[in-house]
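One structure is given here, and the rest of the page talks about it.
Chains as they are written, first to last, in the UniProt record's numbering: chain A, 1 to 199; chain B, 1 to 199.
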């Protein structure tokens, strides 16, 4: 590596810090980029510079956009009284891909965690309570991950919202569409059985 | 995804074209970058812009550098008469990490392949023959991958160099350092047995 130019070494070192990439895959990616300087590396560098300048968090919900309000918070048609609480922007995008939710979002920015010393104030939980108080909210849908921390956070939020006159719901748990029972974990199967519905 | 700003969507789309990344990991990487705009995304964009401007292939050997001659070709101490032939710059870097080779390199830029219609002229094979004719070369070390295409290319080069007064050698094949026999494929074991040495 001593023979790779300094900038290229620096580039590999930064790329290796991206999630999902390590030193070896960063090296491969950088070589690929250098080979395709014109078609790939220049557009990537330009787009990245632009995004680094313009991307910002929505002051209302924490989604990523280019203005004080993200496109969803700025869209009046999404003001249907529903707020979907997600951990992360990636989860918001996943919900949007599902095209089943027509309300607005609230991105917590993580989950409560005693181990990592993350308290409600470190997340956007106070802001959520402000929104429920201030906006006309009828339902808060908790779309948190089905992990221990996710569910702890869901319970905490549900507790915090009791008595505020909003319905608090959470995503159904059960067999995924296209899922094969044989490949499902025991927890999912028993949750699906407990939540069974008449056909 | 319709709700992610256009530039961010474009960034994800370009990142997903890097080797080792797909749409999902590109999305994760981009969100991570946006979260760490200051520490990670801006330096990455700047370094990438710089590398896109300066990186170029060495006119002599095909290595990546920032001048007409790469640091190795520009270094007179490396003119020991040995040329190590590798498929790719990544392989050159791997050889350099091994710190066992003190000569210069020749990067082919791929392997011969009848399937992909890659002929000697598509690689830097003519240039290698020029170098062997022009420079004072005593040995050509073939460090090509132990794949079918790699070995075909090695044979082709060895044939092309016969009668030119250079020794043509190739990397030894055998048990990797730290390798466990039980996990090695049959081909490696039989190659190592055939090449066995007195202790």
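Cβ coordinates follow ideal geometry from the N, Cα and C atoms, glycine included.
Just curious, the beta strand (DSSP E) that residue i is in, first and last residue?
i                     : result
residue 127 (chain B) : Counting along the chain, residue 127 (chain B) falls outside any beta strand (DSSP E), though it belongs to the alpha helix (DSSP H) covering 125-134.
residue 200 (chain B) : Any answer about residue 200 (chain B) is impossible in this case: the structure gives chain B only from 1 up to 199.
residue 170 (chain B) : 167-170
residue 140 (chain B) : 139-142
residue 107 (chain A) : 104-107
Skipping 5 residues on each side, what residues in its chain have a beta carbon closer than 7 Å to that of residue i?
i                     : result
residue 92 (chain B)  : 63, 86, 105 and 107
residue 189 (chain A) : 181
residue 1 (chain B)   : At residue 1 (chain B), the pLDDT of 43 sits below 50, so the modelled position is not reliable and the matter cannot be decided from this model.
residue 154 (chain B) : 142, 144 and 170
residue 60 (chain B)  : 69 and 73
residue 183 (chain B) : none
residue 13 (chain B)  : none
residue 146 (chain B) : 173
State the CB to CB distance for the pair residue i and residue j, rounded to an integer number of angstroms; the pair is presumed to be in contact (CB under 8 Å).
i                     : j                     : result
residue 66 (chain A)  : residue 52 (chain A)  : Their Cβ separation, rounded to whole angstroms, is 12 Å, which puts residue 66 (chain A) and residue 52 (chain A) out of contact at 8 Å.
residue 102 (chain A) : residue 80 (chain A)  : 6 Å
residue 158 (chain A) : residue 168 (chain A) : 5 Å
residue 31 (chain B)  : residue 90 (chain A)  : 6 Å
Interface residues of chain B around residue i at Cβ under 7 Å?
i                     : result
residue 10 (chain A)  : 47
residue 106 (chain A) : Going along chain B, no residue has its Cβ under 7 Å from residue 106 (chain A), so there is no contact; the nearest lies around 14 Å.
Starting from residue i, follow the alpha helix (DSSP H) in both directions and report where the run begins and ends.
i                     : result
residue 24 (chain A)  : 23-35
residue 121 (chain B) : It is not in any alpha helix (DSSP H) - residue 121 (chain B) carries neither H nor E in the DSSP assignment.
residue 45 (chain B)  : 42-54
residue 97 (chain B)  : 89-98
residue 194 (chain B) : 186-194
residue 159 (chain B) : 148-161
residue 14 (chain A)  : 6-15
residue 74 (chain B)  : 71-74
Who are the Cβ neighbours of residue i in its own chain at under 8 Å, not counting the five residues just before and after it?
i                     : result
residue 166 (chain B) : 132, 137, 138, 139 and 140
residue 156 (chain A) : 112, 120 and 125
residue 78 (chain A)  : 72, 102, 103 and 104
residue 199 (chain B) : none
residue 123 (chain B) : 108, 109, 110, 111, 112 and 153
residue 34 (chain B)  : 8 and 41
residue 97 (chain A)  : none
residue 187 (chain A) : none
residue 236 (chain A) : Summary: the structure shown does not reach residue 236 (chain A), with chain A confined to residues 1 through 199, and so no result is reported for it.
residue 95 (chain B)  : 84, 86, 101, 105 and 143
Chain A partners of residue i, CB-CB under 7 Å?
i                    : result
residue 65 (chain B) : 5
residue 42 (chain B) : 52
residue 32 (chain B) : 18 and 19
At 9 Å on the CB atoms, spell out the chain B contacts of residue i, in chain order.
i                    : result
residue 27 (chain A) : 90 and 93
Name, please, each residue of chain A whose Cβ falls closer than 8 Å to the Cβ of residue i.
i                    : result
residue 55 (chain B) : 5, 7, 8, 34 and 37
residue 14 (chain B) : 40, 43, 44 and 47
Between residue i and the rest of its own chain, which residues show a CB-CB distance below 6 Å, the 5 nearest in sequence each way excluded?
i                     : result
residue 152 (chain A) : 112
residue 128 (chain B) : 106
residue 175 (chain A) : 192
residue 164 (chain B) : 132
residue 134 (chain A) : none
Three or more C-beta pairs closer than 8 Å, one from the stretch 190-197 of chain A and one from the stretch 3-15 of chain A: is that the case here? no
### Query
If you pair each beta-carbon of the stretch 19-36 of chain A with each one of the stretch 13-24 of chain B, do three or more pairs fall below 8 Å?
The stretch 19-36 of chain A, when compared against the stretch 13-24 of chain B, does touch it at the 8 Å Cβ threshold.
If we count Cβ pairs, one from each stretch, closer than 8 Å, do we get three or more for the stretch 33-45 of chain A versus the stretch 36-49 of chain B?
-> yes
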